[in-house]
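Residues in the sequence shown are numbered from 1 upward in steps of one, following UniProt numbering.
Where a beta carbon is used, it is the ideal one built from N, C-alpha and C, also for glycine.
Nothing here was measured: the structure is a model prediction, and the numbers come from that model.
Structure first, commentary second.
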Amino acid sequence: MVARARIDDFLAYLASQRLASPHTLKAYGSDLRRLADFLDSQHTGAWRDFRRPLLEAWVGECREQGLSIRSMQRLLSSVRRFYDWLARSDEAGEHPARGYQLKRVRQDLPQVLDVDLMQQLLDAPAPEDPAEALLWTRDKAIMELFYSSGLRLAELSHARLGDLDQGAGLITVLGKGRKTRVLPVGRMARAAIADWLVLRPQLARAHSESWLFLSRQGRRLSERSIQERLVHQAQRAGLDQRLYPHLLRHSFASHLLESSHDLRAVQELLGHSDIRATQIYTHLDFQHLASVYDQAHPRARQTGRTKRDDTPGER
C-alpha cells in the first residue's frame with residue numbers, strides 16, 4: 001500500500017505554507033485518496049512507482065466511472081501539485097502527469113450579479129430585532145468589502161483589524177502563495193465597516209484576538225459561516241440567485257472591467273499571477289456590450305430577432 005500519511009503531510013503543507021482554504025484541502029484530499037485507492041488495487045507499493053502507463057490506466061478507469069473531462073482535469077492538477085511537492089524530497093521518481101494533457105473543455109463564464117441586484121442586496125433594510133441587526137451590520141460590511149475590493153473568501157475570513165487602514169481606505173491581505181496585496185476599499189465599504197467596528201465590541205471576547213469579523217462566540221468568523229450568512233442575506237433581500245463569496249468577487253471584477261477596461265489593473269487587484277485567469281472577464285464585458293447593442297441599435301431592435309446576423313462594418 002502507498003503511504004497515505006504523505007497525503008496528510010501534503011495537505012498540512014498546503015494549509016500552513018500556501019494558506020489553502022478548507023474547501024481546497026478537501027478537494028486535494030479527495031483526489032489523492034482516489035489515486036491511492038487505485039494504486040492499491042494495482043498492488044503499487046510506493047508513490048514513485050506511479051508512472052505514465054499507470055496514469056493512463058487510471059484515466060481510463062475514471063472515464064468508465066463517468067467522470068467528466070473537467071473532473072479529470074482537476075484530478076490531474078492535484079496529482080501534478082502533489083508530485084511537485086514529493087519531488088522536493090526525492091520521493092517522486094518519474095513525474096507521471098507532467099506534460100500529460102486531456103481534451104480541452106470549454107470554460108464556462110463566471111456568474112455575476114448585475115448592478116441593480118447588487119444594490120438590492122446591499123441596500124436591504126436592517127432587521128428590527130437588535131441581535132439580528134448586529135449580525136446584519138457585520139454581514140453588510142462583509143458583502144461591501146467583497147464587492148469593493150474583490151477579496152477571496154480565505155483572505156476576508158483571516159483579515160485582522162491591523163490590516164485595515166480606514167484613513168487611507170486600504171486593506172492588506174495575504175493571498176495565495178503567501179503573496180501580500182494592498183487593496184483600495186471604497187467609500188460605501190468603509191462606511192459599512194465603520195458601522196460594524198462600533199458594534200464589534202458586543203461580540204468580542206478575551207480570546208477574540210484581532211480578527212476583523214467575529215462570530216457570535218467572539219471567534220474568527222469561519223469561511224463556512226461567511227458562506228452561510230451570504231445565503232441568508234440574499235434570501236432576506238429577495239434575491240432568487242444563490243449568493244456565494246466568489247460571485248461577489250466575480251461581480252467586482254466584471255463591473256470594474258466594464259467601467260475601466262483596464263485588464264492589467266483588474267489582474268493586480270484580483271491577485272492573479274497569470275493574465276489568462278483575468279481575461280475571462282473580457283468575455284463577460286463583451287456579453288454586456290452585445291446586450292447593449294441588441295437593445296439600442298436600430299438594426300438590432302427587430303421583432304422576433306434572436307441573434308445578431310450582421311454587425312456594423314460587415315454590410
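**Item:** Other residues of its chain near residue 161: CB distance less than 6 Å, five sequence neighbours each side excluded
**Value:** Walking along the sequence shown from the start, residue 161 turns up at place 161. For residue 161, where only same-chain residues beyond five positions count, the Cβ hits under 6 Å are 210, 212.
**Message:** Between which two residues does the beta strand (DSSP E) holding residue 181 run?
**Reply:** Position 181 of the sequence shown, counted from the start, is the residue given in the question as residue 181. Where residue 181 is concerned, the enclosing beta strand (DSSP E) stretches over 180-184.
**Request:** Decide if the region 224-244 is in contact with the region 171-178; the criterion is three or more beta carbon pairs, one per stretch, under 8 Å apart.
**Result:** Taking a contact to require three or more Cβ pairs closer than 8 Å, the region 224-244 and the region 171-178 do not qualify as touching.
**Request:** Report the option in 271, 89, 137, 41 whose CA atom is closest to the CA atom of residue 6.
**Result:** Taking the first residue of the sequence shown as position 1, residue 6 is located at position 6. Among 271, 89, 137, 41, the Cα nearest to that of residue 6 is on 89.
**Prompt:** What are the residues that DSSP puts in a beta bridge with residue 173?
**Reply:** The sequence position of residue 173 within the sequence shown is 173, counting from 1. Per DSSP, 181.
**Request:** Kindly indicate which three-state DSSP category residue 117 falls into: helix, strand or coil?
**Result:** The residue you call residue 117 lines up with position 117 of the sequence shown. Helix at residue 117.
**Request:** Starting from residue 165, follow its DSSP beta bridges and name the residues at the other end.
**Result:** Taking the first residue of the sequence shown as position 1, residue 165 is located at position 165. According to DSSP, residue 165 bridges with 170.
**Request:** Please report how far the alpha carbon of residue 25 lies from the alpha carbon of residue 67, in whole angstroms.
**Result:** Locating residue 25 in the sequence shown gives position 25, where the first residue counts as 1. Locating residue 67 in the sequence shown gives position 67, where the first residue counts as 1. Rounded to whole angstroms, the gap between the alpha carbons of residue 25 and residue 67 is 20 Å.
**Prompt:** If residue 248 sits next to residue 146, beta carbons under 8 Å apart, how far is it from one beta carbon to the other, in whole angstroms?
**Reply:** By one-based count along the sequence shown, residue 248 stands at place 248. By one-based count along the sequence shown, residue 146 stands at place 146. 4 Å between Cβ atoms; contact.
**Message:** With three or more beta-carbon pairs closer than 8 Å as the criterion, would you say the region 116-126 touches the region 152-159?
**Reply:** By the criterion of at least three beta-carbon pairs nearer than 8 Å, the region 116-126 is not in contact with the region 152-159.
**Asked** Would you say residue 102 and residue 69 are within 7 Å of each other, going by their C-beta atoms?
**Response** Locating residue 102 in the sequence shown gives position 102, where the first residue counts as 1. Locating residue 69 in the sequence shown gives position 69, where the first residue counts as 1. The answer is yes: Cβ separation under 7 Å.
**Prompt:** How should residue 289 be labelled, buried or exposed, when 16 other C-beta atoms within 10 angstroms of its C-beta is the threshold for buried?
**Reply:** Here residue 289 is taken as the residue at index 289 of the sequence shown, counted from 1. Bear in mind that a pLDDT of 49 at residue 289, under 50, signals an unreliable position, so the model cannot answer this.
**Prompt:** Hey, out of 268, 273, 198, 255, whose CA is closest to residue 113's CA?
**Reply:** Position 113 of the sequence shown, counted from the first residue, corresponds to residue 113. Nearest option by C-alpha distance: 255.
**Asked** According to DSSP, which residues form a beta bridge with residue 216?
**Response** Residue numbering aside, residue 216 sits at position 216 when the sequence shown is read from its first letter. Looking at the DSSP assignment, residue 216 forms no beta bridge with any residue, so it has no partner.
**Message:** Please return the same chain residues whose Cβ sits closer than 7 Å to the Cβ of residue 8, not counting the five positions on each side in sequence.
**Reply:** For the purposes of this step, residue 8 is taken as the residue at position 8 of the sequence shown. Closer than 7 Å at the Cβ level, and outside the excluded window around residue 8, lies no residue.
**Request:** Name the one or two DSSP bridge partners that residue 160 has.
**Result:** As a first step, residue 160 is located in the sequence shown; it is residue number 160 there, counting from the start. Its beta-bridge partners are 211.
**Under the three-state DSSP convention, the category residue 149 falls into** = For the purposes of this step, residue 149 is taken as residue 149 along the sequence shown, with counting starting at 1. Three-state DSSP puts residue 149 in a helix.
**Neighbourhood of residue 21 by C-beta distance below 7 Å, restricted to the same chain and skipping five residues each side** = Here residue 21 corresponds to residue number 21 of the sequence shown, with the count starting at 1. Only 153, 154, 223 meet the Cβ criterion.
**Message:** If you measure between the beta carbons of residue 189 and residue 144, is that distance less than 7 Å?
**Reply:** One-based indexing of the sequence shown puts residue 189 at position 189. One-based indexing of the sequence shown puts residue 144 at position 144. Contact flag set, yes.
**Asked** Candidates 193, 241, 199, 41: which alpha carbon is nearest residue 61's?
**Response** Residue numbering aside, residue 61 sits at position 61 when the sequence shown is read from its first letter. For the residues 193, 241, 199, 41, the minimum Cα distance to residue 61 belongs to 41.
**Request:** Could you tell me if residue 267 is buried or exposed, where buried requires 16 or more neighbouring beta carbons within 10 angstroms of its beta carbon?
**Result:** Position 267 of the sequence shown, counted from the start, is the residue given in the question as residue 267. With a threshold of 16 other beta carbon atoms within 10 Å, residue 267 meets it and is buried.
**Asked** residue 275 and residue 263 look like a contact to me (Cβ under 8 Å); what is the Cβ gap, rounded to whole Å?
**Response** If you number the sequence shown from 1, residue 275 lands on position 275. If you number the sequence shown from 1, residue 263 lands on position 263. Indeed they touch by this definition, with Cβ atoms about 7 Å apart.
**Spatially closest choice to residue 150 from 117, 270, 13, 12, by CA coordinates** = Looking up residue 150 in the sequence shown gives position 150. Minimum Cα distance to residue 150 is reached at 270.
**Euclidean distance between Cα positions of residue 30 and residue 79** = Stepping through the sequence shown from its first residue, residue 30 is reached at position 30. Stepping through the sequence shown from its first residue, residue 79 is reached at position 79. Each residue's alpha carbon lies about 11 Å from the other.
**Message:** Would residue 229 and residue 139 qualify as a contact pair, given that the criterion is a beta-carbon distance under 7 Å?
**Reply:** Here residue 229 corresponds to residue number 229 of the sequence shown, with the count starting at 1. Here residue 139 corresponds to residue number 139 of the sequence shown, with the count starting at 1. Yes, they are a contact pair.
**Message:** Please return the same chain residues whose Cβ sits closer than 8 Å to the Cβ of residue 207, not counting the five positions on each side in sequence.
**Reply:** Within the sequence shown, numbered from 1, the residue matching residue 207 stands at position 207. Once the five neighbours on either side are set aside, the close Cβ partners of residue 207 are 218, 219.
**Message:** What does the Cβ neighbour count give for residue 277, buried or exposed, with the cut at 16 atoms within 10 Å?
**Reply:** Within the sequence shown, residue 277 is the residue found at index 277, counting from 1. The C-beta of residue 277 has fewer than 16 other C-beta atoms within 10 Å across all chains shown, which makes the residue exposed.
**Asked** Since residue 164 and residue 193 are thought to touch, with beta carbons under 8 Å apart, how far apart are those beta carbons, to the nearest angstrom?
**Response** Indexing the sequence shown from 1 puts residue 164 at position 164. Indexing the sequence shown from 1 puts residue 193 at position 193. Yes, residue 164 and residue 193 are in contact; Cβ-Cβ is about 7 Å, under 8 Å.
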